[in-house]
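One structure is given here, and the rest of the page talks about it.
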Amino acid sequence: GENVEQHPSTLSVQEGDSAVIKCTYSDSASNYFPWYKQELGKRPQLIIDIRSNVGEKKDQRIAVTLNKTAKHFSLHITETQPEDSAVYFCAASQRAAGNKLTFGGGTRVLVKP
Amino acid sequence: EADIYQTPRYLVIGTGKKITLECSQTMGHDKMYWYQQDPGMELHLIHYSYGVNSTEKGDLSSESTVSRIRTEHFPLTLESARPSHTSQYLCASSEEGRGKSEQYFGPGTRLTVT
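Which chain is which? The protein sequence lines are Y and U, in order. Start counting the first sequence at -6; every next residue gets the next number (my numbering). Start counting the second sequence at 8; every next residue gets the next number (my numbering).
Put into structure tokens, the structure is as follows:
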């Protein structure tokens, strides 16, 4: 089955700096890669996703890049703000498996004012 | 408002008790999922369903069972709770269709088995 590894497990950045989280996946058949944000005590929520036919996607201060050859994808947050502090999860799935998601271990991001 | 609901939100129960965690969604989604998550840690898929009368075990071995008799309802049952079952349980649903893959999560049930 699919295996997703996520790094780093914790990330502390100064407000205004950029944050980068990296994930690798094992199954070359995976074709959908979402990122979820989970604030303390809240439910995970989708913040951005990318499909395997696209190399990069951007939405305001967040962007995701995908390298299918190397089987890794990354989340980039620019101009970080205190409200970006949360745990971020990457995931991978394949349509043939009914979009069942395999999650990475999570990255706890702390943005210091 | 279309949403996904879980009850109870918090449950403290003794070892050996039978419990059912409720999950309902009003979004008309075909697919539903149960995850186990220790706070702030990785989400582990324990059960999923692609529609009525369809249930499958997930990647994490679990002593729980599920049923899907109605599209909107996906309850999870523990026949005999143990301290090792202490965790947060998240229910999720997603829509079937072209380009639609987002999973929507419920607020979770935090279970403590004493």
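Backbone N, C-alpha and C define an ideal beta-carbon position, used for all residues, glycine too. Fair warning: this is a prediction, and the values are worked out from it, not measured in the lab.
As a quick exercise: from Gly97/Y, Pro37/Y and Pro106/Y, pick the residue whose alpha carbon is nearest that of Glu(-2)/Y.
Gly97/Y
On the premise that Glu49/Y lies in contact with Thr58/Y, defined as a C-beta separation below 8 angstroms, what is that separation, rounded to the nearest angstrom?
5 angstroms
Do you know how far the Cα of Asn46/Y is from the Cα of Arg89/U?
45 angstroms
Looking only at its chain, what residues have a beta carbon closer than 7 angstroms to the beta carbon of Val120/U, apart from the 5 residues adjacent to it on each side?
Ile20, Thr22, Ala88, Arg89, Pro90, His92 and Thr93
So does the stretch 68 to 85 of chain Y actually touch the stretch 64 to 75 of chain U, counting three or more Cβ pairs closer than 8 angstroms?
no
Among Glu63/U, Gly58/U and His51/U, which has the Cα closest to the Cα of His80/U?
Checked all of Glu63/U, Gly58/U and His51/U; the closest Cα to His80/U is Gly58/U.
Can you tell me the Cβ-Cβ gap for Tyr29/Y and Ile40/Y, rounded? I've got them flagged as a contact below 8 angstroms.
Yes, Tyr29/Y and Ile40/Y are in contact; Cβ-Cβ is about 7 angstroms, under 8 angstroms.
Going along chain U, which residues have a C-beta under 7 angstroms from Gly98/Y?
Glu49
Under 9 angstroms between beta-carbons, which chain Y residues line up against Gln95/U? List them in chain order, please.
By Cβ distance, chain Y contributes nothing, its closest Cβ being about 10 angstroms from Gln95/U, past 9 angstroms.
Ala56/Y lies in the beta strand (DSSP E); which residues open and close that run?
Per DSSP, Ala56/Y is one residue of the beta strand (DSSP E) stretching across Ile55 to Asn60.
Give every residue of the same chain whose Cβ lies closer than 8 angstroms to the Cβ of Arg44/Y, excluding the five residues on either side of it in the sequence, and list them in chain order.
Asn24, Tyr25 and Phe26
To which residues of the same chain is Glu(-5)/Y closer than 7 angstroms at the C-beta, ignoring the five residues directly before and after it?
If the five residues before and after Glu(-5)/Y are omitted, its C-beta is found closer than 7 angstroms to the C-beta atoms of Tyr18, Ser19, Asp20, Ser23, Ala85 and Thr95, all from its own chain and listed in chain order.
At the 8 angstroms Cβ level, is Tyr55/U part of the contact set with chain Y, yes or no?
yes
Are there 16 or more other CB atoms within 10 angstroms of the CB of Gly34/Y, so buried, or fewer, so exposed?
Here Gly34/Y is exposed. Its C-beta has fewer than 16 other C-beta atoms within 10 Å.
What would DSSP say about Ser42/Y, mapped onto helix, strand or coil?
The sequence shown places Asp at residue 42/Y, rather than the Ser named in the question. Reduced to three states, the DSSP call for Asp42/Y is strand.
Does the distance from the C-beta atom of Asp10/U to that of Thr33/U stay below 8 angstroms?
yes
At what residue ranges does the stretch 38 to 113 of chain U contain a whole run of the beta strand (DSSP E), taking only runs of 3 or more?
38 to 44, 51 to 58, 61 to 64, 71 to 73, 83 to 85, 94 to 101 and 110 to 112
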